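Trainee: The sequence shown begins at 23 in my numbering and counts up by one.
My questions all concern the structure below.
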Amino acid sequence: MDWYQTIDGYCERLDPGYWAEPVNALTNLCFVIAALVMAWRLRGTSLPLGWAMTVILAMIGLGSYLFHTHAQGWSALTDTGSIAAFILIYLYAASRDFLGLSPLLASVCVVGFFPFAATMTPVFSMLPVVNVSAGYLPVALLIAIYGLILRKKAPETARGLLVGAAILLVSIVLRSLDMPLCGAFPVGTHFLWHILNATMLGWMIEVYRCHMLAPPSHGR
Numbered sequence: 023m024d025w026y027q028t029i030d031g032y033c034e035r036l037d038p039g040y041w042a043e044p045v046n047a048l049t050n051l052c053f054v055i056a057a058l059v060m061a062w063r064l065r066g067t068s069l070p071l072g073w074a075m076t077v078i079l080a081m082i083g084l085g086s087y088l089f090h091t092h093a094q095g096w097s098a099l100t101d102t103g104s105i106a107a108f109i110l111i112y113l114y115a116a117s118r119d120f121l122g123l124s125p126l127l128a129s130v131c132v133v134g135f136f137p138f139a140a141t142m143t144p145v146f147s148m149l150p151v152v153n154v155s156a157g158y159l160p161v162a163l164l165i166a167i168y169g170l171i172l173r174k175k176a177p178e179t180a181r182g183l184l185v186g187a188a189i190l191l192v193s194i195v196l197r198s199l200d201m202p203l204c205g206a207f208p209v210g211t212h213f214l215w216h217i218l219n220a221t222m223l224g225w226m227i228e229v230y231r232c233h234m235l236a237p238p239s240h241g242r
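Dropping the structure here:
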């Protein structure tokens, strides 16, 4: 792979210039804002995984900004790598703290995500429109599965997860419509993915925070 080859995958980009995607680039500020909000929400708490996810949330904004300005292989890795880190850490936290699994079994769940995603991605790639975002759909499905599992044990947490899955699904649809709607909407719809995805990731951290700080009789 040529790490410095220009990637032109979005409606807004018309040339290889640094500011060829100004809206896509600048809306990554939403991730930083969401991270700052969650840092404020987490103040005074001792939730290392919550803080780790918050830091990674800010890193997602930086990585995506680099990708939508430099638009090269190396910057794409900073984007997808930070997103993958968030997913894996949240999966560990959800398995350990939501489901009550041991750290070892929670780690097994993290490892199990890879064959799960590898199995489900080809299935979702057969769907119309959203097939271009098939790699993200297993994440939405997994969040929904955890929400359904927790509906009796931790109903408030379950509702929070299902809301998160719904927000992610809408954002995936908007991400997928970027090129199909390009002729009618030249700026594209990818920036809406940034806005909703930042909201969703911040929300997921909030769900974790609320679960961990809730009294045992209120959703844990």
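C-beta: ideal position from N, C-alpha, C; glycine also.
Owing to the predicted nature of the structure, the values given are computational and were not obtained by experimental measurement.
#1: Return helix, strand or coil for residue 28, following the three-state DSSP convention.
#2: Residues in the same chain with beta-carbon distance under 6 Å from residue 155, minus the five sequence neighbours each way, listed in chain order, please.
#3: Please report the distance separating the alpha-carbon of residue 64 from that of residue 56.
#4: From residue 91 to residue 129, what distance separates their C-alpha atoms?
#5: Cβ of residue 103 within 8 Å of Cβ of residue 24?
#6: Cα separation between residue 134 and residue 107?
#7: Which first and last residues belong to the alpha helix (DSSP H) in which residue 142 is found?
#8: For residue 151, is the classification buried or exposed, using 16 other Cβ atoms within 10 angstroms of its Cβ as the cut-off for buried?
#9: Output the distance between the C-alpha atoms of residue 82 and residue 52, rounded to the nearest integer angstrom.
#10: Which value, in whole angstroms, describes the spacing of the CA atoms of residue 237 and residue 31?
#11: CB-CB under 8 Å to residue 14, same chain, minus the five flanking residues each way: which ones, in chain order?
#12: Between residue 148 and residue 190, which are expected to be in contact by the criterion C-beta below 8 Å, what is the C-beta distance as a whole number of angstroms?
#13: Scan the region 38-89 and note each continuous alpha helix (DSSP H) run of 4 residues or more that stays entirely inside, going in chain order.
#14: Could you check where the alpha helix (DSSP H) with residue 220 kicks off and where it finishes?
#15: Between the C-alpha atoms of residue 45 and residue 35, what's the straight-line distance to the nearest angstrom?
Mentor: Let me lay it out:
#1: strand
#2: 194, 197, 198
#3: 12 Å
#4: 35 Å
#5: no
#6: 15 Å
#7: 125-146
#8: exposed
#9: 10 Å
#10: 47 Å
#11: With the chain running from 23 to 242 in the structure shown, residue 14 is simply not present.
#12: That belief does not hold up - the Cβ atoms of residue 148 and residue 190 are roughly 20 Å apart, past 8 Å.
#13: 44-48, 51-64
#14: 212-235
#15: 10 Å
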